[in-house]
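Mapping of the sequence shown onto mature numbering (1 follows the signal peptide of the UniProt record, and there is no 0): residues -30 to -1, 1 to 164, in sequence order.
Even for Gly, the Cβ is constructed at its ideal location relative to N, Cα and C.
Owing to the predicted nature of the structure, the values given are computational and were not obtained by experimental measurement.
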Amino acid sequence: LRQNWSLDTVLAMKVTFGLLALMLVSSVRAEEMPAAVDESAELSVSELLHRANRGIIPEADEPKLLDDIAVNERNADPCTSYSCLWPKYSDGKIYVPYVIANHYSSRELEIIQRGLDSFASVSCIRFFRRSNERDYISIESRSGCYSYVGRQGNVQTVSLARSGCLYHSTVQHELLHALGFNHEQTRSDRDNHI
């Protein structure tokens, strides 16, 4: 059963998940990086995303991007209502269904699965394989690394391109966008926290 959330609860959750994001991203170890790109082991998530998305020309059926965020042309502010949050159930957990496209190798699937599973040990978020849920995340190798911010309704693409996006930290970063987290530098109160 869904629970209604107050604005204070939503803000507290965003702060908590923001800290969670920092913990998850900082927990990446060099040996978790794909062997083919050893020089990337010391790059930040932002640098990895910039490299992967540099020069990308999205296909006609792909969304417009602002960095690694897919921009919904209906609303410039990506997650301003409760409807963009994934529902919290009576057991206190947030369940997010997903599918993974079948064009990834077994090594790439391991990286994606580790990113999905990493949330369960430090949060109330549980990603699970979709059966017949209406709203779900579809992880695909499209043009670069990107995600919409928050739940969009129906199928929601999270792009993790096979070339440049398959790092533990990048998978977590894009999943955090799908959960409703935007970049800190885009917050309206960013200048109050220097």
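(1) List the residues that DSSP assigns as beta-bridge partners of LYS63.
(2) Residue ranges of each beta strand (DSSP E) run of no fewer than 3 residues wholly in the region 69 to 144, ordered along the chain?
(3) CB-CB under 7 Å to LYS63, same chain, minus the five flanking residues each way: which ones, in chain order?
(4) State buried or exposed for HIS73, treating a residue as buried only when at least 16 other CB atoms are found within 10 Å of its CB.
(5) Quick check: SER117 and ALA148, are their CB atoms within less than 8 Å of each other?
(6) Is the Cβ-Cβ distance between ILE109 and LEU136 less than 8 Å?
Judging by the given coordinates:
(1) The partner list for LYS63 (beta bridge, DSSP) is empty, contrary to what the question assumes.
(2) For the region 69 to 144, whole beta strand (DSSP E) runs of length 3 or above, ordered along the chain, are 95 to 99, 106 to 110, 115 to 117, 125 to 130.
(3) Taken in chain order, the residues that qualify are CYS94, ARG96.
(4) With fewer than 16 other Cβ atoms within 10 Å, it is exposed.
(5) Closer than 8 Å, so yes.
(6) Using a Cβ distance threshold of 8 Å, ILE109 and LEU136 do not count as a contacting pair.
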